[in-house]
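Participant: Just so we're aligned, residue 16 is where the sequence shown starts under my numbering, counting upward by one.
Below is a structure I'd like to ask you about.
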Amino acid sequence: MVHHRKLLFIFSILLVTTSPHPFQPANAISAINNFYKNNRFKGAFLTCAVKGCSADLVAQYIAFKKEGAEKEKSKELKADDVNNKKDILGRGWGNEAVDVRTVNEEKDFCFDARRSAVFLLYGGLYQGMAQEAIYNDFMPKYFGTSTDFKTVVSKVIADMGFITPLICIPMAYFVKGLLVGDSFSVSLQNYWGDVVHRGVLFKNWMIFVPVQCLTFSVIPPHFRVSFVAFVSFFWVILLSCILSG
16 MVHHRKLLFI FSILLVTTSP HPFQPANAIS AINNFYKNNR FKGAFLTCAV
66 KGCSADLVAQ YIAFKKEGAE KEKSKELKAD DVNNKKDILG RGWGNEAVDV
116 RTVNEEKDFC FDARRSAVFL LYGGLYQGMA QEAIYNDFMP KYFGTSTDFK
166 TVVSKVIADM GFITPLICIP MAYFVKGLLV GDSFSVSLQN YWGDVVHRGV
216 LFKNWMIFVP VQCLTFSVIP PHFRVSFVAF VSFFWVILLS CILSG
């Protein structure tokens with residue numbers, strides 16, 4: 016068995032080293048670059064769909080652990096309260112304190128597939144394909160393709176001042192509302208409530224104003240959506256936690 020493994024290892028080395036197109040990091044980078052150049056919308060959808068779904072899974076797990084910690088703390092407080100009452104009355108409480116402490120309901124993590132679907136669609140369709148069109152078709156048409164200070168500032172203002180509060184973030188609430196059965200008006204009320212009471216828009220600006228300055232100045236056009244997707248992985252975790260409330 017060991018002899019066969021050695022032969023297989025030697026064969027694999029020979030195959031790689033004698034191949035007319037051996038794997039090299041430069042070849043991989045070139046292939047990725049060509050893929051995103053030649054498949055703009057497909058690359059944008061795949062990248063942002065995976066990002067949106069995986070970020071929401073992380074957010075769900077964080078919420079699960081937080082809920083478990085809160086339940087454990089609540090049980091401990093209840094047990095302490097029972098013990099205090101037992102000490103005061105001296106009798107009549109039996110083993111109630113023991114019952115509270117010994118009940119340990121362990122629950123395995125189970126992800127919400129419907130909620131993950133919200134962020135898969137939101138990521139792929141809007142953050143991927145729609146933003147690819149906005150960044151590389153719409154904005155160059157109206158603001159130009161230059162990366163000078165005036166052009167970059169104009170694009171950032173348009174994105175942060177109009178697109179984000181009127182389309183980007185509301186879209187997440189509308190898609191979620193569609194899947195959970197909320198009406199358009201209820202979804203809009205939820206969005207406005209989170210803007211006023213949870214600062215969802217301000218939190219977005221804190222992250223993406225500096226990010227978009229980089230996006231429109233130094234990032235190549237065909238990598239802009241992927242760059243924003245990488246950064247917004249953490250934003251989607253935050254937004255998922257807010258939407259779960």
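C-beta: ideal position from N, C-alpha, C; glycine also.
#1: Quick one: any contact between the region 220-228 and the region 148-165, if contact means 3 or more CB pairs under 8 Å?
#2: Once the 5 residues before and after E82 are set aside, which same chain residues still bring their CB inside 7 Å of it?
#3: Quick one: is C125 buried, meaning 16 or more other Cβ sit within 10 Å of its Cβ, or exposed?
#4: Confirm, please, whether the CB-CB distance from V133 to K191 is below 7 Å.
#5: I believe R129 touches L194 by the beta-carbon criterion, under 8 Å. Please report the beta-carbon distance rounded to the nearest angstrom.
#6: Does the count of Cβ pairs from the region 160-167 and the region 196-207 closer than 8 Å reach three?
#7: Does S200 pass the burial test, meaning 16 or more other C-beta atoms within 10 Å, or should it be called exposed?
#8: In or out: M221 buried (at least 16 other Cβ within 10 Å) or exposed?
#9: Put S169 into one of helix, strand or coil per three-state DSSP.
#10: Beta-carbon separation of V167 and F242 under 7 Å?
#11: How would you call N42, buried or exposed, if buried means at least 16 neighbouring beta carbons within 10 angstroms?
#12: Tell me whether the beta-carbon of G138 lies closer than 7 Å to the beta-carbon of K66.
#13: Can you look up P180 in the DSSP assignment and give me helix, strand or coil?
#14: Quick one: what's got a C-beta closer than 6 Å to K52's C-beta in the same chain, skipping five residues either side?
#15: Relative to the C-alpha of V297, which residue among P155, E87, M175 is closest?
#16: Tell me whether the beta-carbon of S202 lies closer than 7 Å to the beta-carbon of F189.
#17: Around the C-beta of V113, are 16 or more other C-beta atoms found within 10 angstroms, so that it is buried, or is it exposed?
#18: Any idea if V211 is buried or exposed, counting beta-carbon neighbours within 10 angstroms, 16 or more meaning buried?
#19: Could you tell me the alpha carbon to alpha carbon distance between F60 and Q142, rounded to whole angstroms?
#20: Let me check understanding here. Comparing Cα to Cα, which of S247, S131, D197 lies closest to C183?
#21: Mark V171 as exposed unless 16 or more other C-beta atoms lie within 10 angstroms of its C-beta, in which case mark it buried.
#22: Would you report the Cα separation of K122 and T62, rounded to the nearest angstrom?
Facilitator: Taking the coordinates as given:
#1: Touching, no.
#2: Here residue 82 refers to the residue found at position 67 of the sequence shown. Here the set comprises nothing.
#3: Along the sequence shown, read from residue 1 onward, the residue named residue 125 stands at position 110. Under this definition C125 is an exposed residue.
#4: Position 176 of the sequence shown, counting from 1, holds the residue named residue 191. Position 118 of the sequence shown, counting from 1, holds the residue named residue 133. It is a contact, given that the beta carbons lie within the stated cut-off.
#5: For the purposes of this step, residue 129 is taken as residue 114 along the sequence shown, with counting starting at 1. For the purposes of this step, residue 194 is taken as residue 179 along the sequence shown, with counting starting at 1. Correct: roughly 5 Å between the Cβ atoms.
#6: no
#7: By one-based count along the sequence shown, residue 200 stands at place 185. Exposed: under 16 other Cβ atoms inside 10 Å.
#8: Within the sequence shown, numbered from 1, the residue matching residue 221 stands at position 206. It counts as exposed.
#9: Numbered from its first residue, the sequence shown carries residue 169 at position 154. Helix at S169.
#10: To locate residue 167, count along the sequence shown from 1; it is residue 152. To locate residue 242, count along the sequence shown from 1; it is residue 227. Not a contact, by the Cβ cut-off of 7 Å.
#11: Here residue 42 corresponds to residue number 27 of the sequence shown, with the count starting at 1. Its Cβ having fewer than 16 others within 10 Å, N42 is exposed.
#12: Along the sequence shown, one-based indexing puts residue 138 at 123. Along the sequence shown, one-based indexing puts residue 66 at 51. In contact: G138 and K66 (Cβ atoms closer than 7 Å).
#13: Position 165 of the sequence shown, counted from the start, is the residue given in the question as residue 180. Of the three classes helix, strand and coil, the one that applies to P180 here is helix, per DSSP.
#14: Residue 52 sits at position 37 when you count from the first residue of the sequence shown. Here the set comprises H237.
#15: No statement about residue 297 is possible, as the shown extent of the chain runs from 16 to 260 and does not include it.
#16: As a first step, residue 202 is located in the sequence shown; it is residue number 187 there, counting from the start. As a first step, residue 189 is located in the sequence shown; it is residue number 174 there, counting from the start. Going by C-beta atoms, S202 is nearer than 7 Å to F189.
#17: As a position in the sequence shown, residue 113 is number 98, starting the count at 1. Because V113 sits at a pLDDT of 47, beneath the cut-off of 50, its placement in the model cannot be relied upon, and the following sentence gives the value as read from the coordinates. Burial call: exposed.
#18: Within the sequence shown, numbered from 1, the residue matching residue 211 stands at position 196. The residue is exposed, with fewer than 16 neighbouring Cβ atoms inside 10 Å.
#19: Mapped onto the sequence shown, residue 60 falls at position 45. Mapped onto the sequence shown, residue 142 falls at position 127. Distance between the alpha carbons of F60 and Q142: 8 Å.
#20: Along the sequence shown, one-based indexing puts residue 183 at 168. Selected option, being the one with the closest Cα: S247.
#21: Indexing the sequence shown from 1 puts residue 171 at position 156. Flag for V171 reads buried.
#22: To locate residue 122, count along the sequence shown from 1; it is residue 107. To locate residue 62, count along the sequence shown from 1; it is residue 47. K122 and T62: Cα-Cα distance of roughly 32 Å.
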